[in-house]
Structures are given as C-alpha cells and as structure tokens.
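In UniProt numbering, the protein residues as written are 1 to 924.
The beta-carbon is built from N, C-alpha and C at its ideal position, and this holds for glycine as well.
Quick look at the structure:
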C-alpha cells in the first residue's frame, strides 16, 4: 500500500535513495507520484545519478526514466512500498539525514540551466554516461543507456554520434587490441585540431590500406558531426588563443564546421609527405566531408546546406591537387597515383571534361585552357603553406587548374618514359616561373639525360615528337597557330628552332646520323640549312672538346669525324666544315707525338681550341720528341691545317710576333716560317747541323736566289723569322767537331756557316742586326784563314815528305840541278803568298762599309763564278777581280751548291751594302 501519512517527505527522499542503492528503482515513479513536492523530477534524477551503481544494467532503469519523463507509473496503485528501511527514523532524524545527502548535479558540463524535462533528462543521461565510463569503463553500457532516448533528444543524438560513436569504434571495432583505451573525458577535452590528429594518426597501426579511409569515414566523420556543440567551440577558441601558429583555415567559410574540415585537408596534405600510398587511397575511396558513417543515428534531413556542401567539396578537391603538387616521389606508381587523384577530384567536382590525361592514356592531346589565372601565380603559390589557400589559382579546383595540372602530369609521364623523371612542383616551376635561358638549360638537361641512357632503346622519331609536344603541349597545331601560347607547354618560352637544334644534337650524339640527315636535310621542314649547319658544328665541337685522345679513329674524335663525314657532303661550300676538317686533321697528326702541357697535363684536343697560340704546341712537340725535326713535312702540314682551321687571327695577334696577316696565304707562309725556324732550332739543339743546313738551303732560300719560289719565301709577307733561324745556324759551333783533328771537316762546316751568315744578311728585314751579323761573319772568315794556313802548312809538309825520294825504298833522289830548280820554285811561291798577304792587309776593312766589302771579297774568293752572274762580278773592285781571276785558274768543271749560294750572296751584298749606305742602284 502507499506510504502512511505519518511518513514525511524526508522519509520519502531517504526511501528513494535506499531504492537506488539496492537497485530496486521500479518503485521510484510511484514514490514520485505520492511526494511530487519532495521528489520532483530533477531531484529524483539526481538521486538515481548519485546512488544507483554505474554497473547496473541500463535496461533495469531506462523504463523507470521513461515513466518519470511521461509522468505515470507502471506499478498498480494497490502495491505497497516497503518502508521498513526508514521506519526507525523520526521526523527530525529523517530531515537531519536528508541534509547530509550530497547529490550530484544533473549537468556534467557548464551548460545553461534549464527546467524543461527533456533537458533535465539530457543532462542526466550525459552525466550518467560519464559516470559509467569513469567507474566501469564499460562504454557499451552507455550506448544501451542512450538508445531509448536519442531519437527524441537532439542533444543526446548529437552527443552520441560525435562523442560516443567514435569512442566505441576506436576501442572496440577498429583498434580493439590496443593496450590503453580512450575515455570519454579524454576525448571530450580535445579541440578539433587535436582530435583530428589523434583519430587519424591511428592509421598505420595495422597494415591495412583502408585504415585511413575507415578513420575518415567512421571516426572523424562522426566527430565532426558535433563541431557546433558549445563545449567544442569553447575548446577550439581556447586552442586558437593559446596556439602560436595554427594552420590557416578557410576565410570564406559559410559555417563553423568547415574550419574543422580544413584541418582535415591540411592533415591529409602533411600525411602525403610520409605516406603517399595511404593518402592516395583515401582520395580514391573517400568522397569527402559528406561521406561519413554516423552509424544510422542521424536524421534523414541532417545534411549540410548547398553552399556549405559546395565549399567543403571544393576545399577537399583543393587538398587533392595540393597533394599532387607536394609529391616528391618520382616513381611510376606514385605518378599513377597522382593521375588517379586528379581524375577522382575532377569526377567529384564534375570537371572531368577538362582532363587531358587518364591512367591508361598514351595519346598526346592538344591542351587548351584559359591560362590567365594560372600565369598570374608566383613561386609562393607552390609552397606547402600556400597550397590550401583559397586564392591559389594552381590548386583551387577550376577548369584551368584541372587542365593545367593534367598537362603537367602528362608531361611528367612523358619525361619518365624518356628516362628523366621530375616532380610535379619542378615541372610547374619550369613552365610558370622559368625564363627562356632556364627553360633552354632544362631542355638540354632532359636531352642529355636521354642520350646517356645507353641501356634503353629509344625510337628517336617518337622521342622527337615527345619533346616537341613538351615544348607546346600541342597548342601550335590548333587553328594554324604557329606561336606558342603563354604557359601552354613545358618549354613554351623556347622557340621551335632551338628545340629542333637540341634534338639534332642529341641525334648526333646518339650516332643516329642517317635519321638526322633524313629529318633535317632531306625533309627540309624542321630547320633551315644554316641552322642545321650551326647545330652540327656545335655538336662536333662539343664532342671534340670532350675527347681525351686526338686520334680520329678513337673515342670522341672518331665521333666528331663521323659527324663531319655524314654532313659535309650536304654542305660542299661550307667554310665551317672545311675548318673543322682541317682542325681534325691537325689534331690527328699531333696525336702521334708525345705531348705534355704545363704541370704535367697530357695533351687533349680541346687544348688546341683554347690555346692562344696553337703553333707553339709544335715547339713543345719538338722539345719532347727526339728526332721530331726530321719529320718537318708532317709538322708543316699540321701548321697549314691549323691555319686552315681558322687560327690565323690568333697567330698574327700573338705576343711573340708582329706580323699582321691580311690573308690565309700570308698566314700559311708565316706559320710555315715559324715551324721551319723551330725545326732548325731543334736540329741544332740535337747537334744535327747538317739537317739544319739542308733545311735552310732548300726551304728558306729567297726567290731572288732561286729560279723557282718556295711557299716559305713569299716576298709579300714581312719575314722577321727566317733570318733569325739562319743567323742562329750560322753562329752554331759543333762542340765535337771543334776538338776534332779533322781539319777538312772543320773547314767545310765553317764554310757552310759563312754561307748561312751571308744568307742572313740578305734575309734580315731591318739594318739594326747587320753589325752583329757581319761581325760573326768576319770572325768566321778569320777562323777560315787560320784553317787555310794550317791546311797549306800541312800540305807543304806532306809535299816535302813526298819529294824526299831518298826516304822511299829503292829511290835515288833528285839531281843537283833538279834540287836547285825545286828550291827556286818554292822561294817564288813564298814571295807570291807574302805579296798576297800584304795586299789583303792593305785592304783590311775599317768600318761598316769596309767590313761588308771585305766579306764580299772573301766570299768571292771561296766560290766559283757563275756565267749568269758575270755582269754583276764585273762591277767589283780590282782586287776582287784579280782574286776571282786567280780562282778561275784552279776551278773545277762542276758547280757546287755552295758556289751557287756564295755567288748569289756576293751579288746580293753589293746591293745590300748600297742600301745600307743609302745609295741608289745603278739601273736607276
């Protein structure tokens, strides 16, 4: 029966607490009905919250809560309530005991007070859920507690979806094997940024490619459902106030919960840097913020409005494009993943019509789009912290950004096939922010990378088409447009001619000579003849400069020579190719000699091209190779080829020479004179006077002394080289011959030296060296007189010995008359020699003129006159004619080479000395 009237409200309160402690809560509605003033709904809910054990099954008291909320009891009125637990308390004792009760508040969070019964139940349920989780950690009991009420309590529904559902999935479904479980208190104290990091960072705990997708859909989606809760907002505001730098969020958001999704986008972008595969898989299998799994607890019409939904999808798509730009992996799988992400984003935003690439596409399309916004981007647009800014034209989804990125990915795919992988960010920088020179350099790097791949076989016709497509993305084929559109092509700033020239060089480096000729000469559509010639020339020089050996049958020289052989027949009048052929010939000839440059650096072909005076290399060859001077014809051919190769300007401008060259012929003469001079010096250094003497007489004799002229003796070219070589040879003294007893050999060499000094007098271009030359000649003449005297004395001794027949076995000796006649003849000969010596002493030269006259006289005494020079010798002084007459008495019938030179020098000295004195020739 009902509680008797003597029981007070204090007794009812104590009885209610007793029922809760014992778990017999079914009588609470009846007790509430009898004492409504002492047991109102909020107080009885607080009693249940305080004294009902948290481990009690929710099914035992959720019906009681329902009855209390509805205001009626399911118990019959006739049923009695056992009041024995409170019978022993008097009124005063009961009130005193009630005052000691400490009931928990209904609200767990600092929400606004409300007396609405539904709000009271909401507060009770949420607080009860926290108590269950705190005391028992049995979170499924919480779900059982809320299930009967969430449909009619919106706050409970939101809390169940956004807090309890992620917790249940995290601890019991997705990651049940974790050592530690999350609690409601921990999860509810997180701001959005922290919760996103925690919930999504669980990805990877198991090797499952769908981990991230499940967490986005099943954990993060429900969590973001409660982003508008007041407590969540307060936590987010506090986090923003305490954070030094937080990721930028959408400044044009339509709703507060878009900021949370922006954190998700930024997390995905950061995650792609360390786990690209799972991020790509997330974009492929998750449809964005609207693709969430709320466990079936949400209402059917609980969706974002159209504007918010559009903005969320656009920002999610922007994060997908940003992930593509930040990818640093250049592998094929990563590139395929980027293509799939781009395709997925375009499909989600209905922009698939602006794609120019598909995962299995092998066709090069013509890329057309409005590049006005794309071209306005800066380098900052590609930085990671700027990729998710809504104003970024590269990543914010639009027709132009989708088209541009698809063209970039197709370019990367093409380069990967060519063996030159690059990242998306690098390709975008090349296209958007590189000037013409940088793009040309990048193009050359790509072509060079292709050429270096010797293990891969390329069809160079296809390679050419691929590179040309990279340059303009097919835009120059649209409506006959021949000019590249801005940002339409990876190398759109580079002209078509430059691209074709680089391709031609690559073909030549790859030894595709026939294909190069077929494309660039036979077709005549790609480059002009002049452009082809220039490209081929540059390719040859590149190969030539990189060669390590000058032999044209080996290495880089062979390649350069092969290129020349392939193209020169198509350019028969090309001066450049003729110069290159001469250069290769000279280099090839030099390769047969040992040659080391300064600091022990071995000779390389490029040394010729960088040397300020290539002819000086021949001097090093002569110094470092013994007997090289004997191959003077080879050395002269090298010199001629160096001049023909275009080095004549350097030769005339060298510091050692002051020989202005007006033509190639003059440069050849100058080079040959230098080489002969070097060869003569080398021969003298090797004590080979005979070879030096022979070179001078056969190759340096001026045309006035020969019937035919030599290329080395072109009178039109100023010669300040030959006379020095001849003079040095004339001063040469053989150390081995000087100490020799062979008097005839000494006289012969001394006679040859006098001839050379006489020739130097003729070849010298200025009067300054004449005293020095004449002084050397006079010293030789004096030495010659001494040798002749010694020779005569030795002959006399031998004659005396020969006339002494008594010393001969069987000889009888001369008679007295014969002996007197012989002594008389010797006395007359001595008188004649004394008279001759006196005449010579009287005619001893005293000055420059006298020295020259004496030198001519002495020369003429030692030479046989030629019939062709009779008129010249008739003009000589009387003493000279007398000496010449006495010489003719003992002349032989044959004419020696020395006699030819001596007579020529004699005639030359007459006019030469007159020139020194300033006299005019007789014929003038």
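*asked:* Restricting to Cα atoms, I'd like to know which of 383, 437, 453, 339 is closest to residue 940.
replied: Any property of residue 940 remains undetermined from this structure, which presents the chain solely from 1 to 924.
_According to DSSP, simplified to helix, strand and coil, what is residue 148?_
Taking the first residue of the chain shown as 1, we reach residue 148 at position 148. In the structure shown, residue 148 sits in coil (DSSP, three-state: anything other than H, G, I, E or B).
*For residue 725, count neighbouring Cβ atoms within 10 angstroms of its own Cβ and tell me buried if that reaches 16, exposed if not.*
Here residue 725 refers to the residue found at position 725 when the chain shown is read from its first residue. Its Cβ being crowded by 16 or more others within 10 Å, residue 725 is buried.
*With distances taken between CB atoms, is the gap from residue 103 to residue 50 smaller than 7 Å?*
For the purposes of this step, residue 103 is taken as the residue at position 103 of the chain shown. For the purposes of this step, residue 50 is taken as the residue at position 50 of the chain shown. Yes.
*Go ahead and pull the three-state DSSP assignment for residue 596.*
Taking the first residue of the chain shown as position 1, residue 596 is located at position 596. Correct three-state label for residue 596: strand.
_Cutoff 8 Å; reference residue 449; Cβ partners in own chain excluding five residues on either side_ = Taking the first residue of the chain shown as position 1, residue 449 is located at position 449. The answer, listed in chain order, is 418, 419, 420.
*Considering only residues of the same chain and omitting the five flanking positions on each side of residue 211, which have a CB-CB separation below 6 Å?*
Taking the first residue of the chain shown as 1, we reach residue 211 at position 211. Closer than 6 Å at Cβ, skipping near neighbours: 203.
*So what does DSSP say about residue 681, is it helix, strand or coil?*
Taking the first residue of the chain shown as position 1, residue 681 is located at position 681. Residue state, collapsed to three classes: helix.
*Quick one: is residue 380 buried, meaning 16 or more other Cβ sit within 10 Å of its Cβ, or exposed?*
For this step, residue 380 is matched to residue 380 along the chain shown. Its Cβ having fewer than 16 others within 10 Å, residue 380 is exposed.
*For residue 764 and residue 695, believed in contact at Cβ under 8 Å, the rounded distance*: Taking the chain shown and counting its residues from 1, one reaches residue 695 at position 695. Taking the chain shown and counting its residues from 1, one reaches residue 764 at position 764. Wrong, their Cβ atoms sit about 18 Å apart, outside the cutoff.
*From residue 955 to residue 227, what distance separates their C-alpha atoms?*
Lying before the first or after the last residue shown, residue 955 is absent from the chain, which here runs from 1 to 924.
*Three-state secondary structure (DSSP) at residue 602?*
The sequence position of residue 602 within the chain shown is 602, counting from 1. Note: residue 602 maps to strand in three-state DSSP.
*If you count every other CB in all the chains shown that lies within 10 Å of the CB of residue 433, and 16 or more means buried, which is it?*
In the chain shown, residue 433 corresponds to position 433, counting from 1. When all chains shown are included, residue 433 counts as exposed.
*So the alpha helix (DSSP H) residue 431 belongs to, where does it begin and stop?*
Along the chain shown, read from residue 1 onward, the residue named residue 431 stands at position 431. That run of the alpha helix (DSSP H) goes 424 to 433.
_Simplified DSSP assignment, three categories, for residue 785_ = To locate residue 785, count along the chain shown from 1; it is residue 785. Residue state, collapsed to three classes: helix.
*asked:* What does the alpha-carbon distance come out to for the pair residue 616 and residue 599?
replied: Along the chain shown, one-based indexing puts residue 616 at 616. Along the chain shown, one-based indexing puts residue 599 at 599. Residue 616 and residue 599: Cα-Cα distance of roughly 16 Å.
*In chain order, what residues of the same chain have a beta carbon less than 8 Å from the beta carbon of residue 413, not counting five sequence neighbours either side?*
Along the chain shown, read from residue 1 onward, the residue named residue 413 stands at position 413. Counting only Cβ-Cβ distances below 8 Å, and skipping sequence neighbours, we find 335, 339, 357.
*asked:* Can you tell me where the alpha helix (DSSP H) holding residue 20 begins and where it ends?
replied: Locating residue 20 in the chain shown gives position 20, counting from the first residue. Counting along the chain, the alpha helix (DSSP H) containing residue 20 begins and ends at 9 to 22.
*Is the region 607 to 622 close to the region 560 to 571, with three or more CB pairs under 8 Å?*
no
_Check whether residue 176 and residue 223 have beta carbons under 7 Å apart_ = By one-based count along the chain shown, residue 176 stands at place 176. By one-based count along the chain shown, residue 223 stands at place 223. No. Outside cutoff.
*Out of 734, 730, 772, 768, which has the shortest C-alpha to C-alpha gap to residue 753?*
On the chain shown, position 753 is the one that residue 753 refers to. That would be 730, whose Cα lies nearest to the Cα of residue 753.
_Using a Cβ-Cβ cutoff of less than 8 Å, which residues in the same chain neighbour residue 295 once the five nearest sequence positions on both sides are dropped?_
Counted from its first residue, the chain shown places residue 295 at position 295. Contacts found: 161, 165, 222.
*Proximal residues to residue 238 (C-beta, below 8 Å), its chain only, five neighbours per side dropped*: For the purposes of this step, residue 238 is taken as the residue at position 238 of the chain shown. Cβ neighbours of residue 238 beyond the five flanking positions: 191.
*May I ask which residues mark the beginning and end of the alpha helix (DSSP H) holding residue 436?*
Working through the chain shown from its first residue, we reach residue 436 at position 436. Start and end: 436 to 452.
*Alpha-carbon spacing of residue 288 relative to residue 275, whole angstroms*: As a working mapping, residue 288 is identified with position 288 in the chain shown. As a working mapping, residue 275 is identified with position 275 in the chain shown. Roughly 19 Å between the two C-alpha positions.
_Is it buried or exposed, residue 797, if we count other Cβ atoms within 10 angstroms and call 16 or more buried?_
Here residue 797 corresponds to residue number 797 of the chain shown, with the count starting at 1. Per the 10 Å Cβ criterion, exposed.
*Specify, as a first and last residue, the run of the alpha helix (DSSP H) that residue 619 falls within.*
Translated into the one-based positions of the chain shown, residue 619 becomes position 619. Residues 616 to 624.
*Under three-state DSSP, which class holds residue 854?*
Residue mapping note: residue 854 aligns to position 854 of the chain shown, counting from 1. Low confidence applies to residue 854: its pLDDT is 47, below 50, so where it sits in the model is not reliable, and the reading given next is rough at best. Note: residue 854 maps to helix in three-state DSSP.
*asked:* So, with DSSP's three-state summary, where would you put residue 421?
replied: Here residue 421 refers to the residue found at position 421 of the chain shown. In this structure, residue 421 counts as coil in the three-state DSSP scheme.
*asked:* Just to check my reading of the structure: residue 430 and residue 439 have Cβ atoms closer than 8 Å, yes? What is that Cβ distance to the nearest angstrom?
replied: Numbered from its first residue, the chain shown carries residue 430 at position 430. Numbered from its first residue, the chain shown carries residue 439 at position 439. About 6 Å; that satisfies the 8 Å criterion.
_Just to confirm before moving on: does the CB-CB distance between residue 469 and residue 507 stay below 7 Å?_
Here residue 469 corresponds to residue number 469 of the chain shown, with the count starting at 1. Here residue 507 corresponds to residue number 507 of the chain shown, with the count starting at 1. Not in contact: residue 469 and residue 507 (Cβ atoms no closer than 7 Å).
*Just to confirm, are residue 776 and residue 756 a CB contact at a threshold of 7 Å?*
As a working mapping, residue 776 is identified with position 776 in the chain shown. As a working mapping, residue 756 is identified with position 756 in the chain shown. No, these two residues do not count as a Cβ contact at 7 Å.
*Pick from 410, 122, 313, 127: whose alpha carbon is nearest that of residue 150?*
Looking up residue 150 in the chain shown gives position 150. Of 410, 122, 313, 127, the residue nearest in Cα terms is 122.
*For the alpha helix (DSSP H) that contains residue 517, what are its first and last residues?*
On the chain shown, residue 517 is found 517 positions in, with the first residue counted as 1. From DSSP, the alpha helix (DSSP H) with residue 517 extends over 513 to 517.
_CA-to-CA distance, residue 692 to residue 680, given in whole angstroms_ = The count along the chain shown starts at 1 and reaches residue 680 at position 680. The count along the chain shown starts at 1 and reaches residue 692 at position 692. Rounded to whole angstroms, residue 680 to residue 692 spans 5 Å at the Cα level.
_First through last residue of the alpha helix (DSSP H) which encompasses residue 326_ = In the chain shown, counting from the first residue as 1, residue 326 sits at position 326. Counting along the chain, the alpha helix (DSSP H) containing residue 326 begins and ends at 306 to 326.
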